[in-house]
Amino acid sequence: MDWLARCIPDLEDFLRHQWRQGPALLRPADPPVELLAPADLEALLDSGTLRTPYAGLFTLDGSVAEERYCTPRTVAGLPVYGYPDAAKVRELIRAESATLQLRYLNHWHPGVRSLTEGLGEQLGRLTEAFLFHSQPGRRGPVHRDDGDILVLQLSGAKHWEVYPGPADASWQPVREERPGTPLFEGVVRAGEVLYVPNGYAHRAWATDDGPSLHLTVVLREAGAGHLRAQLKSRLAEGLTLPARPLDDADLTKAAAELLDHLRARLDELTPAELVSAARRNAHSSRPTA
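Note that my numbering has the sequence shown beginning at 676, numbered continuously upward.
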């Protein structure tokens, strides 16, 4: 399965003219809308197998407290928490226009995992996926995310605004109070894919036509912290030293071996290899919202 071709109709043109240059609305011939339909989401909710933090709700006021939509269960005589109650979830969606978010589907949904693994392999990135079921009338805040984003509209339609990227390297994946003038403003419909470059501010809301279901695929980008972590990991590879040298001579010998090992590893490692390793391990501490 060529997942990239199913999301991006002309990869060469996309990489040359759109990648990292601005938002783009794509219309692939065979978009993977079969991955999750509204009926599939309802079945997941009714199955009783969803659990926080893989499932969550939020409104205009922020994240909904778990106790409002999770009912404790008793397993082997002990209370177990964190399982969404389908009736409570539906009531929050009905009464408060809450958005249901399923997180990191690449961990637990076979079809989505196949998609993210395919995209990640082709693009050399850590790739994660988040599902959003949104109701008309709720506008999300303008915010930035860690990574390049492919928004796959599975059903319904959503209005999007995409603003310019960060002004400097100190930006954070948080809300943006002064995003500027939109670079893209339009409706993304079922079967279409919206590309949002890394760090570009954006917000979206379901149109008045009905609920929206979309899958956000995040191609994570590395930062300085990921580079440092991978460098530390690479430098330690193949190194074995005595834990407690017995005397000064042994300690000095261990120090010399350590320095020799580090110099050799640094000589072998190229910037491109370090960047590649960092990108494949560029986990974010903030789930995409």
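C-beta: ideal position from N, C-alpha, C; glycine also.
Remember, it's a predicted structure, so these values are computed and weren't measured experimentally.
Cutoff 6 Å; reference residue i; Cβ partners in own chain excluding five residues on either side
i, result
"Val849", "none"
"Val871", "Pro698, Ile824, Val837, His877"
"Pro747", "Pro754, Tyr756"
"Glu812", "According to the sequence provided, residue 812 is Gly. The question's Glu does not apply to it. Only Ser772 meet the Cβ criterion."
"Arg955", "Leu801"
"Arg961", "Pro848"
"Tyr875", "Val837, Gly840"
"Pro759", "Leu725, Ala730, Tyr744, Cys745"
Pair within 8 Å by beta-carbon distance, residue i and residue j
i, j, result
"Gln828", "Ala865", "yes"
"Ser809", "Ala881", "yes"
"Asp821", "Arg895", "yes"
"Tyr729", "Arg778", "yes"
"His936", "Leu906", "no"
For residue j and residue i, the rounded distance between their alpha carbons
i, j, result
"Gly831", "Trp783", "24 Å"
"Thr891", "Val787", "11 Å"
"Ser959", "Leu921", "42 Å"
"Leu701", "Gly737", "31 Å"
"Ala897", "Leu780", "21 Å"
"Val826", "His889", "7 Å"
"Glu741", "Gly731", "8 Å"
"Asp884", "Ala953", "42 Å"
"Glu932", "Pro917", "11 Å"
"Glu687", "Asp677", "15 Å"
"Asp942", "Ala842", "34 Å"
"Asp718", "Val863", "For the record, residue 718 in the displayed sequence is Ala; it is not Asp. Roughly 25 Å separates the two Cα atoms."
"Ala947", "Lys833", "38 Å"
"Thr749", "Ala714", "28 Å"
"Pro886", "Arg938", "58 Å"
"Cys745", "Leu735", "20 Å"
"Asp705", "Leu711", "15 Å"
"Gln693", "Ala924", "60 Å"
"Ala762", "Glu709", "26 Å"
"Arg853", "Ser845", "16 Å"
"Arg743", "Ala929", "57 Å"
"Pro785", "Ala770", "32 Å"
"Glu851", "Val893", "19 Å"
"Arg940", "Leu934", "10 Å"
"Asp957", "Glu796", "Per the sequence presented here, residue 957 reads as Ala, with Asp not at that position. Computed Cα separation, rounded: 14 Å."
Same chain only: Cβ atoms within 7 Å of residue i, ignoring 5 sequence neighbours per side
i, result
"Pro703", "Arg681, Cys682, Ile683, Pro684, Val868"
"Gly900", "none"
"Leu716", "His808, Leu888"
"Leu858", "Gly697, Pro698, Val837, Tyr838, Pro839"
"Ile768", "Leu775, Gln810"
"Val739", "Leu732, Phe733, Leu767, Ala773"
"Leu944", "Arg909"
8 Å contact criterion, which residue i and residue j should meet: CB distance rounded
i, j, result
"Gly855", "Trp835", "Not a contact, Cβ separation roughly 15 Å."
"Phe733", "Thr774", "6 Å"
"Leu794", "Leu690", "Going by Cβ atoms, the distance from Leu794 to Leu690 rounds to 14 Å, so no, they are not a contact pair."
"Arg695", "Asn873", "7 Å"
Contact set for residue i: own chain, Cβ-Cβ below 8 Å, skip 5 residues either direction
i, result
"Ser951", "Gly799"
"Leu926", "Pro920"
"Leu949", "Leu902, Gln905, Leu906, Arg909"
"Ser789", "Met676, Trp678"
Any non-hydrogen atom of the ligand FAD within 7 Å of residue i CB
i, result
"Gly793", "Annotation note on the ligand FAD: not contained in the displayed structure, which lists no ligands."
Within-8 Å CB hit, residue i to chain C
i, result
"Gly900", "Protein chain content of the structure displayed is limited to a single chain, and chain C is not contained in it."
Three or more C-beta pairs below 8 Å linking the stretch 746-760 and the stretch 793-803
no
Decide if the stretch 720-731 is in contact with the stretch 814-822; the criterion is three or more beta carbon pairs, one per stretch, under 8 Å apart.
no
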